[in-house]
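Colleague: Quick one: this structure, given as structure tokens, is what I'll be asking you about.
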Amino acid sequence: MKIREFACIALLVISSFAANSVTPSRAELELMYDKAFLAFDESNHTEALKNLDAIDALQPDLAESQNLRGVIMMRQKDYPAAETALKKALAADPKFWNARFNLAEIPFLQKNWSEARKRFQELLTGNVSELAGEATQLIQYKIFLTYLLEGKENMADSLMAKFELAPEEPALHYARVAVALNKNDDGGANEWLAKAEKSFSPQLNKRFAESLYEVGWREKPAGQTRAAVELNSAADRAAQTKAFGEAKFKEAEQALAQRDLTAARKFV
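Under our numbering, think of the first position of the sequence shown as 893, with each following residue one higher.
Next comes the structure, spelled out in structure tokens:
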């Protein structure tokens, strides 16, 4: 089962399925979602959407299902449909960070820098502590890119100065890469990319490098998939784990009530 983690286009999770759902059961919805996600992960969007349609027929207000539909629409560059699906996800779960991030990604992919910046800034205007540290950096880095690509050098310089206060973090490295590429300085960009590759994990590098492909500065390596990024805080993740455990306990209780000892043992 995937957990809520972001994918520069965020990838998903089953954490808010209703534990007390009877028809359809939570387990049934999870199985259907797993099939949809597996098809999506294999780039079989037709099959993924087919499975999501089946989920919608049973529970149309499932945030995770609508978020995944939005991601698929983004991959297919059907941005109006993506926006509709992601807004449905947020209507079902206003605190679903993945859907909020994906909604900000839409204008970024469309190169509508001012709107993308507005949406990314809105992610940071609430309680930033709700975000994992690297997610906050990634959002700030994307905001930096919108200033740089709009030619608003003073604002870009201001953010760069902020990044320089934490020279060991990826935001500074990739901001330097972006500045170099914006000046057609491939040598300078490669130098900073090499430093980043030595300093950070492959997954973290992939998360920040994704934006270089999105704006058209670099060509994405063939077959490379998007890296996920954790958007939830430690408290959120703990709450999700607790909810999952409570759901399993309730299922075990139901199995015992029905004298189904074999099924009950599966949840222990």
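Backbone N, C-alpha and C define an ideal beta-carbon position, used for all residues, glycine too.
Would the beta-carbon of LEU846 fall within 9 Å of that of GLU1026?
Modeller: Here the chain comprises residues numbered 893 to 1160, so residue 846 is not present and cannot be evaluated.
Colleague: Rounded to a whole number of angstroms, what is the C-alpha to C-alpha distance between GLU1056 and TRP989?
Modeller: Position 164 of the sequence shown, counted from the start, is the residue given in the question as residue 1056. Position 97 of the sequence shown, counted from the start, is the residue given in the question as residue 989. Roughly 27 Å between the two C-alpha positions.
Colleague: Cα separation between GLU961 and GLN1013?
Modeller: As a working mapping, residue 961 is identified with position 69 in the sequence shown. As a working mapping, residue 1013 is identified with position 121 in the sequence shown. The amino acid at residue 961 is misidentified as Glu; the sequence shows Arg. Approximately 24 Å between the Cα atoms of the pair.
Colleague: Below 7 Å CB to CB, which residues in the same chain sit around ASP948 once its five sequence neighbours on both sides are set aside?
Modeller: For the purposes of this step, residue 948 is taken as the residue at position 56 of the sequence shown. Taken in chain order, the residues that qualify are SER957.
Colleague: Which residues in the same chain as LEU1051 place their Cβ atom closer than 8 Å to its Cβ, once the five residues preceding and following it in sequence are excluded?
Modeller: Here residue 1051 is taken as the residue at index 159 of the sequence shown, counted from 1. Result list for LEU1051: GLN1032, ILE1035, PHE1036, TYR1039, ALA1067, in chain order.
Colleague: Which term fits GLN1029, buried or exposed, when burial requires 16 or more other beta carbons within 10 angstroms of its beta carbon?
Modeller: Within the sequence shown, the letter at position 137 stands for residue 1029. With 16 or more Cβ atoms within 10 Å of its Cβ, GLN1029 is classed as buried.
Colleague: Could you give the uninterrupted runs of the alpha helix (DSSP H) lying entirely in the stretch 926-964, keeping only those of 4 residues or more?
Modeller: With a minimum length of 4 residues, the continuous alpha helix (DSSP H) runs that stay inside the stretch 926-964 are 937-950.
Colleague: Give me the residue from ALA1088, PRO1094, VAL1069, ASN936 with the minimum Cα distance to VAL1107.
Modeller: By one-based count along the sequence shown, residue 1107 stands at place 215. When only C-alpha atoms are compared, the closest one is VAL1069.
Colleague: Would you tell me roughly how many angstroms separate the C-alpha atoms of GLU1083 and ALA1058, rounded to the nearest one?
Modeller: Start at 1 with the first residue of the sequence shown, and residue 1083 comes out as number 191. Start at 1 with the first residue of the sequence shown, and residue 1058 comes out as number 166. Near 19 Å, if we compare the C-alpha coordinates of ALA1058 and GLU1083.
Colleague: Using 8 Å for Cβ pairs, my map puts ARG992 next to LEU982. What's the rounded Cβ distance?
Modeller: If you number the sequence shown from 1, residue 992 lands on position 100. If you number the sequence shown from 1, residue 982 lands on position 90. Yes, ARG992 and LEU982 are in contact; Cβ-Cβ is about 7 Å, under 8 Å.
Colleague: Given ASN1074, which residues of its chain have a CB within under 7 Å of its CB, disregarding the five upstream and five downstream residues?
Modeller: Along the sequence shown, one-based indexing puts residue 1074 at 182. The residues are LEU1040.
Colleague: In three-state terms, what does DSSP make of ARG1009?
Modeller: Taking the sequence shown and counting its residues from 1, one reaches residue 1009 at position 117. Helix, per DSSP.
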